[in-house]
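S.K.: Take a look at the following structure, please.
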């Protein structure tokens, strides 16, 4: 074994690879490409190793860069701006004051007005006024990357300890469980919830909903019941869970006949129902108050109608229109279950998104940190300014304006122009 | 009334662009000044038109029994910001161009870059006026949120900054093939690409974050891989690449210009492609 592939060197070159920006660029572009494919073709790609592996690699890449470069940035930020360093800055202007005039208060005021409160130092007989902006700029990128890690951490917590589900309530119905979306099973809420009322208000056009809201009564065992309203954009938190008004719909009364037996089902739109006593299932796809049938030259109203999907046993789904005013059409249905529309129910049912996500506060903290990082990185570009005053042999004050701000050229030029005007001994104070 | 004001604004932008063109071919600086003046006038007119539509939409939403509470009124004003359909988004997108040009990038706003800003704004506004349904529609419940205003404003300021970066990128690639003295020089274009990208990236990030917080209160999920969300993330990845390449690896010139062009194509797909081709939670435009 040669020395070049000893474990230590291997580790070092692995670290080298992990901290390389080339890898970052490759991963970012790869993720962009995969996400494109995800939206155009394979919707679930975000949960497959094809997507998660580069995300993991990017996380590692990001963490490694933090470990490697953050200490250097911290050291840079901790170095104070001293008089010695100020003297090494490029010169931006010179001034001379008449004998007997003390420019110090005027210089301090000019700096304070143009930039901010300066610090004052004395060095080898020189009076130095210092001002520094954007000292924490070197930390900006690292704060941004730390924030991204925090957001991913929050997402991970949400993924493993969060619960997401849905709850459907008919008017007057009480629930103690909801449907967990991840497991597909029902899960206890830890409290009772009853839908007392559901209202939809429409705009004047009569079609666009203005608002829909659920009036709920919530009850924890052994406590006083509470009433609450849940609207879109106004979620409701109770116990461990938050309820979001997701959607609503109507249900229909369907008569199901199979041979000699008939039964009546209340079928909410959009929900798959098992037909009791059989293997078959039914789902109401659409409901029409008054179905409009375009004929050759006119449109004929056919009355209340429902479009349903019928799944017999394990067979294919068949789509059937059921018309209330034409019950005789039942004979044309494939069977063995045959459906008649008895009525459209006047009441709505309400659908809630149920959620518990302990990661969300991590994600939000990440957001705030991200904004702070952006502010540091892009909005506080470093500038250093100094005014150095010195007395010549005759006791007259001479001054020099020094400064640098290579990243903030525009703002620097503006400050320079105004500072020169303010410091000019000829100008009125 | 408002549509005729916008018609005049469209013509003003067209004229501003023409004056910038004349200024690019002749020395006298007064054309430059006149072009800038027209651009300001257009921006002022468009601002008034947007405020007018905002008022109209607010008055329309008051209803027969408006709530007397001040807080409710403010809420309604915020909710009725004219940013809720395709037409209104186009008008605002167009407004962002001269706004950014005149406020954030005024140092660069000469000759060809002036033409770029003025004509992009003109084009967007003309398309909005001629090709898109401009009626004020009632607001659907999902959009009734204080987040609508800040989410849409930040997103479109980002899009517009990227649009300017795209223009600068194209000019860079064109200038790079053979030097033309009338075009801005390469270092200036390169700086402009970087600065527009920074501004755009800042606003796009703000747009994504406000969108996530809004989605959390509306749908109970801050991220759902909805096509619009995903495409905004793709756009974010592309511009993040540009910034890393430039800031850390020191890439300049052609490669960043190409990335700025690719990034804006992703922006366009996020804005238009997703809305018209991929159905999802953000289907408010059609």
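Residue numbers (the working numbering), protein chains in the order written: chain A, 697 to 1125; chain B, 200 to 485.
Cβ coordinates follow ideal geometry from the N, Cα and C atoms, glycine included.
1. Which residue from A/771, A/844, A/730, A/804 puts its Cα closest to that of residue 758 of chain A?
2. Going along chain B, which residues have a C-beta under 7 Å from residue 732 of chain A?
3. Give the residues of chain B in contact with residue 720 of chain A, contact being defined as C-beta atoms less than 7 Å apart.
4. Would a check of beta-carbon distances place residue 1051 of chain A closer than 9 Å to chain B?
5. Could you list which residues in chain B have their beta carbon closer than 8 Å to that of residue 747 of chain A, in chain order?
6. Whose Cβ in chain A lies nearer than 7 Å to the Cβ of residue 439 of chain B?
7. By DSSP's criteria, residue 910 of chain A is part of a beta bridge. Which residues make up the other side?
8. For the candidate residues A/728, A/892, A/1036, A/770, whose alpha-carbon lies nearest to that of residue 428 of chain B?
9. Which residues, in chain order, does the stretch 418 to 430 of chain B contribute to contact with chain A at a C-beta distance below 8 Å?
10. So which residues on chain B does residue 1128 of chain A lean against when the C-beta distance must stay under 7 Å?
11. When the Cα of residue 1006 of chain A is compared with those of A/1020, A/738, A/969, which residue comes out closest?
12. With distances taken between CB atoms, is the gap from residue 750 of chain A to residue 707 of chain A smaller than 9 Å?
13. Within its chain, find whatever has a CB closer than 7 Å to the CB of residue 230 of chain B; leave out the 5 residues flanking it on each side and keep chain order.
14. Distance, Cα to Cα, residue 420 of chain B vs residue 411 of chain B?
15. Going along chain A, which residues have a C-beta under 8 Å from residue 341 of chain B?
16. So, residue 938 of chain A versus residue 1051 of chain A, is the Cβ gap smaller than 9 Å?
17. I want to see whether chain A comes within less than 9 Å of residue 228 of chain B, judged by CB atoms only; does it?
18. Between residue 1066 of chain A and chain B, is any beta-carbon pair separated by less than 9 Å?
19. For the putative contact between residue 319 of chain B and residue 242 of chain B, defined by C-beta atoms under 8 Å, what is the C-beta separation to the nearest angstrom?
20. Show which residues of chain B have a CB atom less than 7 Å away from the CB atom of residue 728 of chain A.
21. What does residue 894 of chain A touch in chain B if you count any residue whose Cβ is under 8 Å from its own?
22. If we count the other Cβ atoms within 10 Å of its Cβ and call it buried at 16 or more, is residue 273 of chain B buried or exposed?
23. Hey, does residue 906 of chain A have any beta-carbon neighbour from chain B nearer than 9 Å?
24. Chain B partners of residue 938 of chain A, CB-CB under 7 Å?
25. Measuring only from the beta carbon, is residue 440 of chain B closer than 8 Å to any heavy atom that is part of the ligand NAD?
26. Helix, strand or coil: which one does DSSP assign to residue 1024 of chain A?
27. Assuming residue 1068 of chain A contacts residue 770 of chain A under a Cβ cut-off of 8 Å, what Cβ separation, rounded to an integer in Å, is found between them?
28. Just tell me which of A/979, A/914, A/738, A/876 has its CA closest to the CA of residue 963 of chain A.
29. Using CA coordinates, which residue listed in A/735, A/762, A/891, A/1108 is at the minimum distance from residue 1045 of chain A?
30. Given that residue 401 of chain B touches chain A, what residues does it touch there, using C-beta distances under 8 Å?
31. Please classify residue 765 of chain A: does DSSP put it in a helix, a strand, or coil?
32. Going along chain B, which residues have a C-beta under 9 Å from residue 1056 of chain A?
33. Taking C-beta pairs closer than 8 Å, name the residues in chain A that residue 306 of chain B reaches, listed in chain order.
34. Given a threshold of 16 other Cβ atoms within 10 Å of its Cβ, counted over all protein chains shown, does residue 284 of chain B qualify as buried or as exposed?
35. Which of the three DSSP states, helix, strand or coil, is assigned to residue 827 of chain A?
36. Given this structure, state the Cα-to-Cα distance separating residue 201 of chain B from residue 471 of chain B, to the nearest angstrom.
M.R.: For this structure:
1. The alpha carbon of residue 758 of chain A has as its nearest neighbour, out of A/771, A/844, A/730, A/804, the alpha carbon of A/844.
2. Listed along the chain, the chain B residues whose CB falls inside 7 Å of the CB of residue 732 of chain A are 433.
3. Those within 7 Å of residue 720 of chain A in chain B are 443.
4. With a threshold of 9 Å between beta carbons, residue 1051 of chain A makes contact with chain B.
5. Neighbourhood of residue 747 of chain A in chain B, by CB distance below 8 Å: empty, with the nearest CB roughly 10 Å away.
6. Going along chain A in sequence order, the residues near residue 439 of chain B (Cβ under 7 Å) are 724.
7. Per DSSP, A/894, A/926.
8. Nearest option by C-alpha distance: A/728.
9. Within the stretch 418 to 430 of chain B, 418, 419, 420, 421, 422, 424, 426, 429, 430 place their CB atoms closer than 8 Å to a CB of chain A, listed in sequence order.
10. Look at the range of chain A in this structure, 697 to 1125, and you will see that residue 1128 of chain A is not part of it.
11. Closest in alpha carbon position to residue 1006 of chain A, among A/1020, A/738, A/969, is A/969.
12. At least 9 Å separates the beta-carbon of residue 750 of chain A from that of residue 707 of chain A.
13. Cβ within range, chain order: 218, 221, 222.
14. Distance between the alpha carbons of residue 420 of chain B and residue 411 of chain B: 8 Å.
15. Ordered by position in chain A, the residues that pass the 8 Å Cβ test against residue 341 of chain B are 928, 929.
16. In contact: residue 938 of chain A and residue 1051 of chain A (Cβ atoms closer than 9 Å).
17. Judged by the 9 Å Cβ criterion, residue 228 of chain B is not in contact with chain A.
18. For residue 1066 of chain A, at least one C-beta of chain B is nearer than 9 Å to its own C-beta.
19. Their Cβ separation, rounded to whole angstroms, is 13 Å, which puts residue 319 of chain B and residue 242 of chain B out of contact at 8 Å.
20. Those within 7 Å of residue 728 of chain A in chain B are 433, 436, 437.
21. In chain order: nothing, as chain B lies at least about 13 Å away.
22. So residue 273 of chain B counts as exposed.
23. Output row for residue 906 of chain A: interface = yes.
24. Against chain B, a Cβ distance below 7 Å from residue 938 of chain A picks out 419.
25. Ligands are entirely absent from the displayed structure, and the ligand NAD is therefore not among its contents.
26. The three-state secondary structure of residue 1024 of chain A, taken from DSSP, is helix.
27. With a Cβ gap of about 16 Å, residue 1068 of chain A and residue 770 of chain A do not count as contacting.
28. Looking at the Cα atoms, A/979 is the closest of the given residues.
29. Nearest of A/735, A/762, A/891, A/1108 to residue 1045 of chain A, Cα basis: A/891.
30. Listed along chain A are 1070, 1074, each with a C-beta nearer than 8 Å to that of residue 401 of chain B.
31. Helix, per DSSP.
32. Within chain B, the residues whose beta carbon sits less than 9 Å from that of residue 1056 of chain A are 415, 421, listed in sequence order.
33. Taking a Cβ-Cβ cut-off of 8 Å, the neighbours of residue 306 of chain B in chain A comprise 1106, given in sequence order.
34. The residue in question, residue 284 of chain B, is buried, as its Cβ has 16 or more Cβ neighbours within 10 Å.
35. Looking at residue 827 of chain A - three-state DSSP - the assignment turns out to be strand.
36. If you take the alpha carbons of residue 201 of chain B and residue 471 of chain B, they lie about 25 Å apart.
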